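Here the structure comes first, spelled out in C-alpha cells, and everything after it is commentary.
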Amino acid sequence: MFHTQSQIGPARLIDILKAAESAARAIPPAFPLEATVAVNPFLGQTGEDLATAAARLERVAGVRIFQKRSDYAAGIADGRISDEDLADALSASVYSGKPATIEALKAHALASEAEDASRALPTVADLAAEATGTDWPSLIEKTFGLWAAGQFDWGQALWSPAPGSEAFAAWRAWATHDLTPEIAGLSGFCAHVVQAPDTTERAILRAADALGLSEAAAETVFHRLYMDLGGWSQHARWLLWQAELVGESDQTLADMLAIRLIWEEALLAHVPGIAGKWQETVAAHAAPVTPSDSQIALAILQDAADRAHQRRLIADLDGASDAKPRPALQAAFCIDVRSEVFRRALESVDTSIETIGFAGFFGLPIAHKAHGSDVLEAHLPVLLNPGMETTGHVQAADENRVRIAARTMRAWGRFRQAAVSSFAFVEAAGPLYGWKLVRDALGKGGDAPQPDPLPQVVGGMSAEAKADTGAAVLKAMSLTEDHGRIVLLLGHGGQAANNPHDSAYHCGACGGYTGEVSARVLAVLLNDPETRAGLAGRGVNVPEDTLFVAGLHNTTTDDITIYEDGLPQQRAGELRTVRDWLGAAAGIARAERAVKLPGSKPETVAARALNWAEVRPEWGLAGCAAFIAAPRNATTGKDLGGRAFLHSYDWRADDGFGTLELIITAPVVVASWISLQYYGSSVAPDVFGGGNKLIHNVVGGIGVIEGNSGRLRPGLPWQTVHDGEKLMHEPLRLSVMIEAPREAILDVLERHPDVRALFDNGWLHLFALKDGKVDGRYLPGLTWFEEGPADLAA
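Take the position in the sequence shown, starting the count at 1, then add 71; the result is the number in the working numbering.
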C-alpha cells in the first residue's frame, strides 16, 4: 500500500511509512451495504490481549471496550458471576498490577462509572478548537464526508466530482476550490493544499516533519487520525482488503492519512500557540501502550463474565445421546445461531428427523451473476476467493425483458431524484404514492423475493469434477454415510422492508447474500447421476433412494421455501410430509422468538418482515456466545437458547484432519468476527456501532450516516443489540468447543499463528470435547488445562 522511493528521503522516510502501514493495518474493513458481513472491529489488535487493546483504543479513540462496571456488579450480585468465576479469572491474569483478592476485584465492579471516563489523546484540530472556539474537528468531518460521499459513490449520486481518480489527487482538486475552511477562519488553506506535495508518501513525510513526529509516536498518531475519520477509513480498508484478495494493492488508506495530515499541518501553523500542548501529546503517543490497573481489573471482570456463561454451557453439555436409526429426513442448516432454535424445534416434531450444521455456502466457492444482472456476486466467506462461476441467466427473450424492466426502474428513479425534475415529480406524481404509503404503513407492502431461475455452472462440470466436488462437500459435512431418504440443504436469508442493513440479516458465509444459490447448486449436483456414480470410489456411500432437496430458511418469518428444481414426482408424498414438519417447527420457533421481540406475539412475528417502520424485524445473531463443532448427538435435545453456532463434525471420519483445519481456520474465524462485532457494537456503540436507525441516511450506496453529513457509521445499528431498555446482546467473547483429539487441535493452531493468536490473546476461548462433554480448556502457549468436566464447571 505504501511505496518507498530512495530519492524521497533516508531511513526516516522508511520508518514513518512503516508506522503509517502499521496504523492502516489496525483499522478493520467495513463492507458495503449491498453485501454487509460482520467484521471484527478489533481485527488490528488481535496480536494484543484485551487489556492492552483497551489501552491502545483509549489513546486513539477515547473508547472503553468493556461492559459497564454496573453490569459486572449486577452479575455478581445476582449470582450469574460466581466467586469461582472471579477466582479463576483472577488466577488466569498474567498482569502484576491485577487486584490482589476477589474482594478487591469486586470493589472495581462497584466503583463509579466516572472512573472509566476516557478521552483520546487530542489531535491538532482538537487543540486548535480549544484555543480558537471554532469546532475544527466537526468542520473537518463535514467537509471530508461531503467529498468522500461523492468520491466513493456506488451509483447513488447523480454525479461524482472526480470519477476514477485516486483519492489524494481528487481531494486536492476539490479542496483547492472549497472555501469552507477559509470562511471558518483558516485563511490560506486552499493555497496550502496547492503547495502540498503531489504524492501521498511525500505529503505524509512533510506533515510528519512539520508536526514533529518521532518514529515512536507516529504509529498511534496516525492510528488516531484514521479513527477520527470513522467509517471512511474502514471503507478504504475494505478497498485494500478486496485488492489484496486478488494479489493487488490499493492506495486509498494512505491517501486518507495524507489528507488528514495536511489539515493537521495547516491548523498547527494557523494556531502556533498550541505547539507546546501538541509536543506534550506527541510525547504521550511515544510512550509504550500499557494498560492501567483499572483496565486490567475490567479485563479480568470480563473474563469472569465469559467463564460464567461457559460454566452454564459446560453443565448443559452432559454427554452424547444414543445414535438414531436411519432418519427419514436430514435437514442441513447453516451454522448461524438463528438456526439452533429452528433445528431444535424441527427435531421435536418427529423422532425420524435429524439436523446438521454446516457453513451456509456449503463449501462451494461461488461467484454468481443473478437473473438479469452482470454484477458478479461473491457467495462465499470474505476470507476466500471464488473458484467457480454460476449464472441465473436464461433464454434471451426473458433475460432481455428483465434487463429492460431494471433499466426502466433505474431511469425512473433518476428522474424522481434529478435536480431539475424532482420538484415537478412530487407535484405531479406525489398523490399517486398515497396508496403505497397506506399499504406500507399497514404492513402490506412487501412480498418475499421470488427465486431466480435455477443457477447453472458456467462452462459446466466434467463427471470427475462433479464427483470430486460432491465428495469434498459431503466429507466436510461429516456426511459420508447413513444418509436420510431426504437430505434438505437449507440456505438462509432475512427479510425486511425499508432497511439499508438488510444484507446483514443474510448469510455471512455467503458474503452477505442469501444461501439460495449455494443450496440449489449443491442439491442439483448431488442428485446428478454422474456425481453419484463417482462418490463411492471417493469414500462416500450415498443410498440410491437418498434425494437432496434445496431450500431457504427465512430467518425473519421462519418460513421455509422448498425449490422444486427437477425433483421427481414420485417423491411428492414424502415432500408434503416434510413441508408439514417444517410448518409445525416454524410455529414452535416463532413462539420462542416472539418472547424476545418487543411488542410481538407468535402470530405477528412474520409481519415484522413487511413493516417498513419496524426497526427490529428480528434479532439477527444477537446473543451469540458459543461455537460447537461436534456430532449432532452431543447437542441433541439441549436448549442452547439460539446462542450457539452448531457445526456438525465427526473427527473419526476426518482422515488427516483436513476438515478440522478448515473448521478452525474458516468458520471459527468468521464466527469470531460476528461475535466481536456484536461485542464492539454493544460496549462501544459510538465508535464501533452503526448509530440510530431512525436518523440514518444512506450515503454513496455503501454505508450510512446519522443526519445529513459527517462520518460514515460502520458496525451494527443500536436497535440491533438494544431493545430500548436493555442490551439484548450479552457482550461475551466466543467460546469455541471442538470434539477432536487435543493434539490434532494443537497441530492446526501451531501451523496457523494468526488463528492461534486469537486464542492465546483471549479474543476467543477454546475447549476440547470428548463424547459430548468438555474434556479440557486451552491455555495460551499450546497447552491444556487437564482437569475434567466437573472441575471446569465448578
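All C-beta atoms, glycine included, are put in the ideal place defined by N, C-alpha and C. Since the structure is predicted, the reported quantities are computational estimates derived from the model, not experimental observations.
| Query | Result |
| --- | --- |
| Pick out whichever of P436, G586, G221 and D326 has its Cα sitting closest to the Cα of F239. | D326 |
| Would you check if the distance between the CB atom of L296 and the CB atom of L324 is smaller than 8 Å? | no |
| Based on the DSSP output, what are the partners of Y584 in its beta bridges? | C578 |
| Does the beta-carbon of A811 have 16 or more other beta-carbons within 10 angstroms, so that it is buried, or is it exposed? | buried |
| Assuming F432 and G586 form a contact by the criterion Cβ under 8 Å, report the distance between their Cβ atoms to the nearest whole angstrom. | 7 Å |
| Can you tell me which of the three DSSP states K797 falls into? | coil |
| Kindly provide the ranges of any beta strand (DSSP E) runs that are 3 or more residues long and lie completely inside the segment 559-634, ordered along the chain. | 618-625 and 631-633 |
| Can the beta-carbon of H306 be found less than 8 Å from the beta-carbon of F223? | yes |
| Could you tell me which residues DSSP pairs with W218 in its beta bridges? | None, per the DSSP bridge assignment. |
| Taking the continuous alpha helix (DSSP H) assigned at W855, which residues delimit it? | That residue, W855, is in no alpha helix (DSSP H); its beta strand (DSSP E) goes T854 to F856. |
| Looking only at its own chain, which residues have a Cβ that is under 8 Å from the Cβ of A274, when we skip the five neighbours before and after it? | F239, A267, P268, A329, L332 and I333 |
| Since F404 sits in a beta bridge, which residues does DSSP pair it with? | G428 |
| Go ahead and pull the three-state DSSP assignment for K881. | As displayed, the chain neither begins before 72 nor continues past 865, which places residue 881 out of reach and without an answer. |
| In the DSSP assignment, the beta strand (DSSP E) including F716 goes from what residue to what residue? | A715 to S719 |
| Nearest by alpha-carbon distance to Q527: which of H464, N625 and T540 is it? | H464 |
| Should P614 be labelled buried (16 or more other beta-carbon atoms within 10 Å of its own) or exposed? | exposed |
| Using beta-carbon positions only, say whether S589 and L435 come within less than 8 Å of one another. | yes |
| Distance, Cα to Cα, F830 vs E253? | 51 Å |
| Suppose you measure from the CA of A136 to the CA of P600; what does that come to, to the nearest Å? | The sequence given here places Ile at residue 136; Ala does not occur at that position. Each residue's alpha carbon lies about 54 Å from the other. |
| Just to confirm the assignment: which complete alpha helix (DSSP H) runs, minimum length 4, are found wholly within the segment 83-145? | 121-132 |
| Please classify V446 as buried or exposed, where buried requires at least 16 neighbouring CB atoms within 10 angstroms. | exposed |
| Less than 8 Å between the CB atoms is what I'm expecting for Y720 and I734, so what's the real figure, rounded? | 6 Å |
| Please name the residue in G637, A607 and R609 whose C-alpha comes closest to that of A621. | G637 |
| If contacts are defined as beta-carbon pairs under 8 Å, then G762 and P788 qualify, I think. What distance do you get, rounded to the angstrom? | 6 Å |
| Give every residue of the same chain whose Cβ lies closer than 6 Å to the Cβ of L692, excluding the five residues on either side of it in the sequence, and list them in chain order. | V408 and I745 |
| Identify the continuous alpha helix (DSSP H) that holds D530 and give its terminal residues. | Before going further, note that residue 530 is Gly rather than Asp in the sequence given. Premise fails: G530 is in no alpha helix (DSSP H) and is neither H nor E. |
| What span of residues does the alpha helix (DSSP H) with D197 cover, start to end? | V195 to T203 |
| According to DSSP, is Y166 part of a helix, a strand, or is it coil? | coil |
| In whole angstroms, what separates the C-alpha of R664 from that of I85? | 55 Å |
| Measuring CB atoms only, is the segment 343-355 touching the segment 150-163, in the sense that at least three cross pairs come out at less than 8 Å? | no |
| Is it true that the CB of G583 sits closer than 8 Å to the CB of T107? | yes |
| Does DSSP put P756 in a helix, in a strand, or in coil? | helix |
| Cβ atoms of N612 and G564: under 8 Å apart, would you say? | no |
| Classify D197 as buried or exposed, calling it buried when 16 or more other Cβ atoms lie within 10 Å of its own Cβ. | buried |
| In terms of alpha-carbon separation, which member of M799, P785, V826 and L653 lies closest to Q401? | L653 |
| Put M548 into one of helix, strand or coil per three-state DSSP. | coil |
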